[in-house]
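These protein sequence lines map, in sequence, to chains A and B.
Residues 1 to 179 in the numbering used here are what the first sequence spells out, letter by letter.
Residues 1 to 558 in the numbering used here are what the second sequence spells out, letter by letter.
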Amino acid sequence: MNASSLTSNLSISNSKQFHHLSKQLRPSHVHFATISCRATKLVEETKNGSNFYKMLSVNPKSATMEDIKRAYRSMALQYHPDVCHDPSMKEESTKIFVRLNAAYETLSNPMLREQYDSELGLRNNMMNNNNIVNEEIWRSRWQEQVVELKKRSNRRMEQRGRSWGSTSRMRTQSMKDRN
Amino acid sequence: MAEREPAYTVASDSETTGEEKSSPLPEIAIGIDIGTSQCSVAVWNGSEVELLKNKRNQKLMKSFVTFKDEAPSGGVTSQFSHEHEMLFGDTIFNMKRLIGRVDTDPVVHASKNLPFLVQTLDIGVRPFIAALVNNVWRSTTPEEVLAMFLVELRLMTETHLKRPIRNVVLTVPVSFSRFQLTRLERACAMAGLHVLRLMPEPTAVALLYGQQQQKASQETMGSGSEKIALIFNMGAGYCDVAVTATAGGVSQIKALAGSTIGGEDLLQNMMRHLLPDSENIFKRHGVEEIKSMALLRVATQDAIHQLSTQSSVQVDVDLGNSLKICKVVDRAEFEEVNKEVFEKCESLIIQCLHDAKVEVGDINDNLVTNLCKITEVYKGINPLEGAVCGAAMEGAVASGISDPFGNLDLLTIQATPLAIGIRADGNKFVPVIPRNTTMPARKDLLFTTIHDNQTEALILVYEGEGKKAEENHLLGYFKIMGIPAAPKGVPEISVCMDIDAANVLRVLTGVVMPGSRITVVPVMEVRMPMVDDGHGWCAEALNRTHGATMDLVTLKKA
Numbered sequence: 001m002n003a004s005s006l007t008s009n010l011s012i013s014n015s016k017q018f019h020h021l022s023k024q025l026r027p028s029h030v031h032f033a034t035i036s037c038r039a040t041k042l043v044e045e046t047k048n049g050s051n052f053y054k055m056l057s058v059n060p061k062s063a064t065m066e067d068i069k070r071a072y073r074s075m076a077l078q079y080h081p082d083v084c085h086d087p088s089m090k091e092e093s094t095k096i097f098v099r100l101n102a103a104y105e106t107l108s109n110p111m112l113r114e115q116y117d118s119e120l121g122l123r124n125n126m127m128n129n130n131n132i133v134n135e136e137i138w139r140s141r142w143q144e145q146v147v148e149l150k151k152r153s154n155r156r157m158e159q160r161g162r163s164w165g166s167t168s169r170m171r172t173q174s175m176k177d178r179n
Numbered sequence: 001m002a003e004r005e006p007a008y009t010v011a012s013d014s015e016t017t018g019e020e021k022s023s024p025l026p027e028i029a030i031g032i033d034i035g036t037s038q039c040s041v042a043v044w045n046g047s048e049v050e051l052l053k054n055k056r057n058q059k060l061m062k063s064f065v066t067f068k069d070e071a072p073s074g075g076v077t078s079q080f081s082h083e084h085e086m087l088f089g090d091t092i093f094n095m096k097r098l099i100g101r102v103d104t105d106p107v108v109h110a111s112k113n114l115p116f117l118v119q120t121l122d123i124g125v126r127p128f129i130a131a132l133v134n135n136v137w138r139s140t141t142p143e144e145v146l147a148m149f150l151v152e153l154r155l156m157t158e159t160h161l162k163r164p165i166r167n168v169v170l171t172v173p174v175s176f177s178r179f180q181l182t183r184l185e186r187a188c189a190m191a192g193l194h195v196l197r198l199m200p201e202p203t204a205v206a207l208l209y210g211q212q213q214q215k216a217s218q219e220t221m222g223s224g225s226e227k228i229a230l231i232f233n234m235g236a237g238y239c240d241v242a243v244t245a246t247a248g249g250v251s252q253i254k255a256l257a258g259s260t261i262g263g264e265d266l267l268q269n270m271m272r273h274l275l276p277d278s279e280n281i282f283k284r285h286g287v288e289e290i291k292s293m294a295l296l297r298v299a300t301q302d303a304i305h306q307l308s309t310q311s312s313v314q315v316d317v318d319l320g321n322s323l324k325i326c327k328v329v330d331r332a333e334f335e336e337v338n339k340e341v342f343e344k345c346e347s348l349i350i351q352c353l354h355d356a357k358v359e360v361g362d363i364n365d366n367l368v369t370n371l372c373k374i375t376e377v378y379k380g381i382n383p384l385e386g387a388v389c390g391a392a393m394e395g396a397v398a399s400g401i402s403d404p405f406g407n408l409d410l411l412t413i414q415a416t417p418l419a420i421g422i423r424a425d426g427n428k429f430v431p432v433i434p435r436n437t438t439m440p441a442r443k444d445l446l447f448t449t450i451h452d453n454q455t456e457a458l459i460l461v462y463e464g465e466g467k468k469a470e471e472n473h474l475l476g477y478f479k480i481m482g483i484p485a486a487p488k489g490v491p492e493i494s495v496c497m498d499i500d501a502a503n504v505l506r507v508l509t510g511v512v513m514p515g516s517r518i519t520v521v522p523v524m525e526v527r528m529p530m531v532d533d534g535h536g537w538c539a540e541a542l543n544r545t546h547g548a549t550m551d552l553v554t555l556k557k558a
């Protein structure tokens, strides 16, 4: 129990370390890093270049405030623990949502976002020197995610516009088409 | 896992799973709005929210319980009017103002002019509350009275829905401390109800508003752009404000503010205005005094009601004991004696907007429930029913019910109404989770020792908005032991606070020495609140016994 709680604690500190770094030389998360072996997964995630933009599946360069808000809401509808009705997944979804929030809080605040961007830029440059392939992998993965999310939201919007009956008719039709 | 849950929750969890096995449909939790003065129940009936009525066809039932010889009866079933019942000292009401408060609380002191017995000894323990039955003061507690009332509500709902009721979503005031929330849960448990969720009242309204906005945007094929709403709710006991950003069925609570002010204060101020020496006159608290107090209360209530439609009112009441009031009161006087209450409302709204970083011009809708005087008001929600309907909707959502029309594709992202932190830097309250932090939340802060070779640290966990520790509610305390001997300021004590989706608060601590990354003592995980009655005492006693020997300061890094 302790280990898992602290792991999740680590994850938040991790995701927030960029703007914490400027205030604190050593972010507090490091203390817990060795407590749990489960932490490795999260360390990997950071190594792989997970960042706030990817978490929200938005474009770091072009995402507007409205885009970020929309992405956050749609992710919240998927990952908020209230939406999750499987008790065994509650803890996991809580962790995801807490990270999502950290991402949203930074990116939805113009000042924090700017600060984060500059720190991210530094970090990415370093990473580029070390491992360009890695960078490309996540970029393509991220683009895939955006495409899928857009598809999903388009589908949702279309369905919203129609009545429930017509939606289900449409579904049946598309199933027939596929067959 | 189980040890983290209070005993009664565990019991109910196992019971519900048992029920679920036998019936394929999940039980839909009902929504209850227990107001200080009135109460209502609503449930999602499969396609919409339905308000339930009692046998006398009332949707809003007075919150009171009358103690009779044998069986007490509450406002759900009682035949008499509240006003009539009040005269004999056997009726207890305003439970929500009294629950979870100690006898040094000004709100408890103000309750001493209610027509039943509220006795205080001013030492920080729960007040003595009693109803007069057959000339005997029979003691009770706010929890017990609430539980009796909830049992009536439960029976009414069960009769109506023809199924047993177990799970409820309850609306609560924003300003309730975690300690008060546990007392409320206790009252529900006593009534055989399992609290699925406690929702701050304006957030329940926000959920309903979110649903209406979503519906509207579907109908107009609109883009469903974000709407900012200010929700203001003033009931008899509490005043709550929320600012929410809503789009696509998701309501995000940006800020909350609340205070223990309400219609009850308007009433008491007015009573004092009509009979300035009332405290002395009623001091004896005998049968006669109770009758006089009740008569004054009823007359004042009537006068206030009349003042909402006419500019002045004639108060004519015989309080017995050759005590008569014959006075004309106008609206200006009413506003003057209640100036402070209205100013407090205003400051709550300003604070909430400030916290939410929202300008008045950004607001799309003002939602006002109960009494108020804002000019432009959103008309889509019945002010008296908004909270209970929102609670019923949350009940359906939280029970995992899905609606084919997407009416339940809703989510409220809650925020913490009060800051939670520890005592440090002398006698300061240092928040670890500030107020209006999105929930679930997890935050940590570093602290360090104030003495050389200090091996123990006392963690005092508080909740509230006060700058000094003792101005806040003490939630619990524990000691970190085994800190390695080191000069002051060297050991790093990490205090992490975690609020999960069910609003359960846990405090985790670890100790790390510089140069190492391993915590030198086992991590402590403490569930809060752990303090029951007499929280003021604990802090005082701890201070008397240990002084500053185990104190902490925040660790400032270069």
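In this text, a Cβ means the ideal position worked out from N, Cα and C, and glycines have one as well.
- Considering only B/113, B/405, B/380, B/418, the residue with the shortest C-alpha distance to residue 175 of chain B is B/418.
- Contact between residue 171 of chain B and residue 152 of chain B does not hold, since the beta-carbon distance rounds to 18 Å and is not under 8 Å.
- Taking C-beta atoms under 8 Å as the contact rule, residue 178 of chain B and residue 475 of chain B qualify, at a distance of about 6 Å.
- Collapsing the DSSP output to three states places residue 475 of chain B in a strand.
- Under the three-pair Cβ rule at 8 Å, the segment 546-557 of chain B counts as touching the segment 424-439 of chain B.
- Under the Cβ criterion of 8 Å, residue 110 of chain A is not counted among the residues facing chain B.
- Neighbours of residue 77 of chain A in chain B, taken as residues at a C-beta separation under 8 Å, are given in chain order as 248, 249, 250, 409, 411.
- Cβ-Cβ separation between residue 76 of chain A and residue 100 of chain A: approximately 7 Å, consistent with a contact (criterion under 8 Å).
- A distance of 8 Å or more separates the beta carbons of residue 142 of chain B and residue 193 of chain B.
- Ranked by how close their Cα comes to the Cα of residue 65 of chain B, the residues B/91, B/96, B/493, B/57 have B/91 in first place.
- Sorting A/107, A/94, A/120 by C-alpha distance to the C-alpha of residue 70 of chain A places A/107 at the top.
- Annotated as proximal: residue 206 of chain B and residue 244 of chain B, with beta-carbon spacing under 8 Å.
- With fewer than 16 other CB atoms across the displayed protein chains lying within 10 angstroms of its CB, residue 405 of chain B is exposed.
- The beta-carbon distance between residue 511 of chain B and residue 521 of chain B, rounded to whole angstroms, is 5 Å. This is short enough to meet the 8 Å contact definition.
- For the C-beta of residue 81 of chain A, the chain B residues within less than 7 Å are, from N- to C-terminus, 440, 501.
- Between residue 43 of chain B and residue 35 of chain B the beta-carbon gap is near 18 Å, outside 8 Å, which marks them as no contact.
- At a cut-off of 8 Å between C-beta atoms, residue 98 of chain A counts as an interface residue with respect to chain B.
- When the beta-carbon positions are compared, residue 249 of chain B and residue 301 of chain B stay at least 8 Å from each other.
- Nearest CB-CB separation between residue 226 of chain B and chain A: below the 8 Å threshold.
- Residue state for residue 148 of chain A is assigned as helix, using DSSP reduced to three classes.
- Residue contact check for residue 73 of chain A against chain B: a CB pair falls below 8 Å.
- Cβ-Cβ separation between residue 393 of chain B and residue 256 of chain B: approximately 19 Å, too far for a contact (criterion under 8 Å).
- Cβ neighbours of residue 113 of chain B within its own chain (closer than 8 Å, five residues either side excluded): 268, 271, 278, 279, 282, 293.
- Listed by position along chain B, the residues whose Cβ is nearer than 7 Å to that of residue 101 of chain A are 438.
- Taking one beta carbon from each stretch, the segment 351-370 of chain B and the segment 328-338 of chain B have fewer than 3 pairs nearer than 8 Å; the two do not touch.
- Inter-segment contact for the segment 70-77 of chain B and the segment 108-125 of chain B is absent: fewer than three beta-carbon pairs are separated by less than 8 Å.
- Cβ neighbours of residue 230 of chain B within its own chain (closer than 6 Å, five residues either side excluded): 243, 363, 366.
- Taking a Cβ-Cβ threshold of 9 Å, none of the residues of chain B is close to residue 64 of chain A; the smallest such distance is about 12 Å.
- One thing to note: residue 448 of chain B has its Cβ within 8 Å of the Cβ of residue 490 of chain B.
- Residues of the segment 200-214 of chain B with a Cβ closer than 8 Å to any Cβ of chain A: none.
- Distance between residue 120 of chain A and residue 86 of chain A, taken at the CA atoms: about 35 Å.
- According to DSSP, residue 38 of chain B shares a beta bridge with B/62.
- In the three-state reduction of the DSSP assignment, residue 188 of chain B falls in the helix class.
- Judged by DSSP secondary structure, residue 389 of chain B falls within the alpha helix (DSSP H) whose first and last residues are 386-398.
- With fewer than 16 other beta carbons inside 10 angstroms of its own, residue 287 of chain B counts as exposed.
- Distance from the Cα of residue 398 of chain B is smallest, within the candidate group B/525, B/162, B/346, B/413, for B/413.
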